[in-house]
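Just so you know, the sequences run in chain order A and B. If you count by the working numbering, then the first sequence holds residues 1 to 417, one letter each, in order. If you count by the working numbering, then the second sequence holds residues 418 to 555, one letter each, in order. For glycine and all other residues, C-beta sits at the position ideal for the given N, C-alpha and C. Remember, predicted model here, so these are calculated numbers, not experimental data. Comments concern the structure below.
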Amino acid sequence: MVLLLQIRINLNKIMKLPVYLDNNATTKVDPRVLDAMIPYFTEDFGNAASRNHPFGWKAEEGVDYAREQIAALIGANEKEIIFTSGATESNNLALKGVFEMYAEKGRHIITAVTEHKAILDTCKHLEKQGAEITYLHPAENGLLTIAQVEEAIRPDTILVTIMFGNNEIGVLQPIREIAALCKKHGVLFHSDATQAVGKIPVDVVADNIDLMSFTAHKMYGPKGIGVLYVRRKNPRVKVTAQMDGGGHERGMRSGTLNVPGIVGLGKAAELARLEMDSDTQRIIKMRDRLENALLTMEESYLNGSKEHRLPHTTNISFKYVEGEGLMMAIKDIAVSSGSACTSASLEPSYVLKSLGLDDELAHSSLRFGLSRYTTDEEIDFTIKCVTDAVNRLREMSPLWEMFKEGIDLKSVQWTEH
Amino acid sequence: MAYSEKVIDHYSNPRNVGTLDKGSPNVGTGLVGAPECGDVMRLQIQVNPETGVIEDARFKTFGCGSAIASSSLATEWLKGKSVDQALTIDNMDIVEELALPPVKIHCSVLAEDAIRAAINDYRVKQGLEPIAEEKSHH
Numbered sequence: 001m002v003l004l005l006q007i008r009i010n011l012n013k014i015m016k017l018p019v020y021l022d023n024n025a026t027t028k029v030d031p032r033v034l035d036a037m038i039p040y041f042t043e044d045f046g047n048a049a050s051r052n053h054p055f056g057w058k059a060e061e062g063v064d065y066a067r068e069q070i071a072a073l074i075g076a077n078e079k080e081i082i083f084t085s086g087a088t089e090s091n092n093l094a095l096k097g098v099f100e101m102y103a104e105k106g107r108h109i110i111t112a113v114t115e116h117k118a119i120l121d122t123c124k125h126l127e128k129q130g131a132e133i134t135y136l137h138p139a140e141n142g143l144l145t146i147a148q149v150e151e152a153i154r155p156d157t158i159l160v161t162i163m164f165g166n167n168e169i170g171v172l173q174p175i176r177e178i179a180a181l182c183k184k185h186g187v188l189f190h191s192d193a194t195q196a197v198g199k200i201p202v203d204v205v206a207d208n209i210d211l212m213s214f215t216a217h218k219m220y221g222p223k224g225i226g227v228l229y230v231r232r233k234n235p236r237v238k239v240t241a242q243m244d245g246g247g248h249e250r251g252m253r254s255g256t257l258n259v260p261g262i263v264g265l266g267k268a269a270e271l272a273r274l275e276m277d278s279d280t281q282r283i284i285k286m287r288d289r290l291e292n293a294l295l296t297m298e299e300s301y302l303n304g305s306k307e308h309r310l311p312h313t314t315n316i317s318f319k320y321v322e323g324e325g326l327m328m329a330i331k332d333i334a335v336s337s338g339s340a341c342t343s344a345s346l347e348p349s350y351v352l353k354s355l356g357l358d359d360e361l362a363h364s365s366l367r368f369g370l371s372r373y374t375t376d377e378e379i380d381f382t383i384k385c386v387t388d389a390v391n392r393l394r395e396m397s398p399l400w401e402m403f404k405e406g407i408d409l410k411s412v413q414w415t416e417h
Numbered sequence: 418m419a420y421s422e423k424v425i426d427h428y429s430n431p432r433n434v435g436t437l438d439k440g441s442p443n444v445g446t447g448l449v450g451a452p453e454c455g456d457v458m459r460l461q462i463q464v465n466p467e468t469g470v471i472e473d474a475r476f477k478t479f480g481c482g483s484a485i486a487s488s489s490l491a492t493e494w495l496k497g498k499s500v501d502q503a504l505t506i507d508n509m510d511i512v513e514e515l516a517l518p519p520v521k522i523h524c525s526v527l528a529e530d531a532i533r534a535a536i537n538d539y540r541v542k543q544g545l546e547p548i549a550e551e552k553s554h555h
């Protein structure tokens, strides 16, 4: 304890506690992004739709430039960028917009059980409107197969929506192959690429993506601004607007443009395009070091495919340690756990459960999300802190003792409460 | 969630973590809870057969900070009490002492269950009837 305290004091000199490793939730705004945004609050504050004076023209210029920066990151044309408030809105617009626009063609949509709630809950909403949804189940490593998607496609399928990289486990789906399959069958393909854009190369042309959602605040941009990419050629895709108003964004999303946010997203996209390779090289080394160190502990397990994964994410379960107790022990590290346990009724992560993890393992999992700001010192500290916490809690855990005695915990008659 | 200072103290410096010989006739062991519910407590008491006084108490708990604190506190309270006195420990006493929020009351209930289970295990070993599950928790 004294030693740990000493380490803490020493580390405080070179790094700030708690260590932020929850970058899949949100990232810090890059100071260069903030610098780009500031003039659009106080000087060039015009409405981008104002055509009659320089205030509007300046704002529009800023937006046009950002559109180009964003389009360049994903290989799109700038006219295919529809600004929204974030990925949740983009997902809603994509699914509801396609369902309404293409209702005559069919009512069947294919998705996966590991999608984000913004997809799953939108699908539930559409089911009430008469949509039929097929929910694919990935394998234990979190991956879907092309064959699974192909089997699910029907003549009345209008849309397949599969996320690029999973927010909890970082698993990357075979997007290019799934999208090519959809193209072959004449079905639109949408991807929630919130975690992938800016982190790994995404190219809507090479990847055959028709619609794609992403957001600024996962790539060092501001919160409150996102994009729905909507393909204009081969095929020309249309979505029904979900908000009525001034007909902005080619009539697909009304509302005065969030000019500073858009400018910030543009800058973030440009930085991502230029620095992705060097960032990834550094981040992946730190991620692997963290992961390897934690996996040397007995009864710790990596969740999801090791190979097909985002470079900045790792998700590990520590058996025989309870999740909330673990979180309390590592309060100097900001991470997410596999359970939303703020009440007596624990709810383990549905993503982890869908991989076949039991509730226990799902509860005792930690998601680490690194960023371009993560340092080697922070990773050292995290390894030590998590290792000590897991060891200490296991010393206190009757389950660990029983495991060590060779007792099969499944054979024990537990008293449910 | 904000934990009370007492919960943090018991969690950071748990009292009486450990294992007693469960085969001994003077040791009562209570194992309550279930892994999938996120709480398992094992509480053990060692009773002086002459005096009926609890001479030692140990616990191991798999659970959140409040569960660990509840069982740690329970062992502190058990030591030096007679078995009969131990039965009067009420989960609400634990709630009060640790200032547990409503969502964590189940931790105190579990600690009380563990005390009763340990006492019953001891009683059965001594050839006595187990105490009936009479009361409903607060």
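Between K423 of chain B and M458 of chain B, the alpha-carbon positions lie close to 19 Å from each other. With fewer than 16 other CB atoms across the displayed protein chains lying within 10 angstroms of its CB, H53 of chain A is exposed.
Take the alpha-carbon of G480 of chain B and the one of V321 of chain A: they are about 8 Å apart. Per DSSP, reduced to three states, the secondary structure at A549 of chain B is coil, with no helix or strand assignment. Taking all protein chains in view, the Cβ of R253 of chain A is crowded by 16 or more other Cβ atoms within 10 Å, so the residue is classified as buried. If you look at F55 of chain A, you'll find it isn't in any beta strand (DSSP E); it sits in the alpha helix (DSSP H) that goes P54 to I74. Of the other Cβ atoms in all chains shown, 16 or more fall within 10 Å of the Cβ of K96 of chain A; this residue is therefore buried. Residue nearest to L181 of chain A within the set A:L172, A:D207 and A:V171 is A:D207 (criterion: CA-CA distance). V237 of chain A places its beta carbon 8 Å or farther from that of V227 of chain A. Sequence-distant Cβ neighbours of Y135 of chain A in its own chain, meaning closer than 7 Å and more than five residues away, are T111, A112 and V113. Taking one beta carbon from each stretch, the stretch 297 to 313 of chain A and the stretch 326 to 335 of chain A have fewer than 3 pairs nearer than 8 Å; the two do not touch. Taken through DSSP and simplified to helix, strand or coil, S499 of chain B comes out as strand. Put simply, the CB of L409 of chain A is near chain B, with a gap under 8 Å to one of its CB atoms. Here G221 of chain A has V29, V33, G264, L265 and A268 as same chain residues with Cβ atoms under 7 Å from its own Cβ, once five neighbours each way along the sequence are excluded.
Taking 8 Å as the threshold, the shortest C-beta distance from G338 of chain A to chain B does not fall below it. Identification of chain B residues near L352 of chain A by a Cβ-Cβ cut-off of 8 Å yields none; the smallest Cβ-Cβ distance measures about 14 Å.
Judged by DSSP in its simplified three-state form, S317 of chain A adopts strand. Within the stretch 218 to 253 of chain A, the complete beta strand (DSSP E) runs of at least 3 residues fall at 226 to 230. Burial is judged here by how many other beta carbons sit within 10 angstroms of a residue's own beta carbon; D203 of chain A has fewer than 16 and is exposed. For T478 of chain B, a Cβ of chain A is located within less than 8 Å of the residue's own Cβ. Its Cα nearest to that of H116 of chain A, the residue A:G170 stands out among A:E132, A:G406, A:I158 and A:G170.
Looking at the DSSP output, L366 of chain A shares a beta bridge with A:I316 and A:S337. When the Cα atoms are used, E151 of chain A and I162 of chain A turn out to be separated by approximately 15 Å. Going by DSSP, T215 of chain A is part of the beta strand (DSSP E) stretching over L211 to T215. Chain A has no Cβ within less than 8 Å of the Cβ of G440 of chain B.
The residue among A:D359, A:L355 and A:S354 with its C-alpha nearest the C-alpha of E347 of chain A is A:D359. Ranked by Cα distance from I200 of chain A, the first of A:E299, A:R289 and A:H312 is A:H312. In the three-state scheme derived from DSSP, where H, G and I count as helix and E and B as strand, Q543 of chain B is classed as coil. Residues of the stretch 324 to 337 of chain A with a C-beta atom less than 7 Å from some C-beta of chain B are E324, G325 and M328, listed in chain order. According to DSSP, Y135 of chain A shares a beta bridge with A:T111. Given a length threshold of 4 residues, each whole run of the alpha helix (DSSP H) inside the stretch 360 to 415 of chain A is given here in chain order: 376 to 395 and 398 to 404. If you ignore the 5 residues before and after G86 of chain A, its C-beta comes within less than 6 Å of the C-beta of T215 and G226, all in its own chain and listed in chain order.
The continuous beta strand (DSSP E) containing A474 of chain B extends over residues I471 to F479. Bridge pairing for Y20 of chain A: A:A334 [DSSP]. Looking at the DSSP output, D192 of chain A sits in a beta bridge with A:S213.
With respect to chain B, the C-beta atom of E270 of chain A has no partner C-beta closer than 8 Å.
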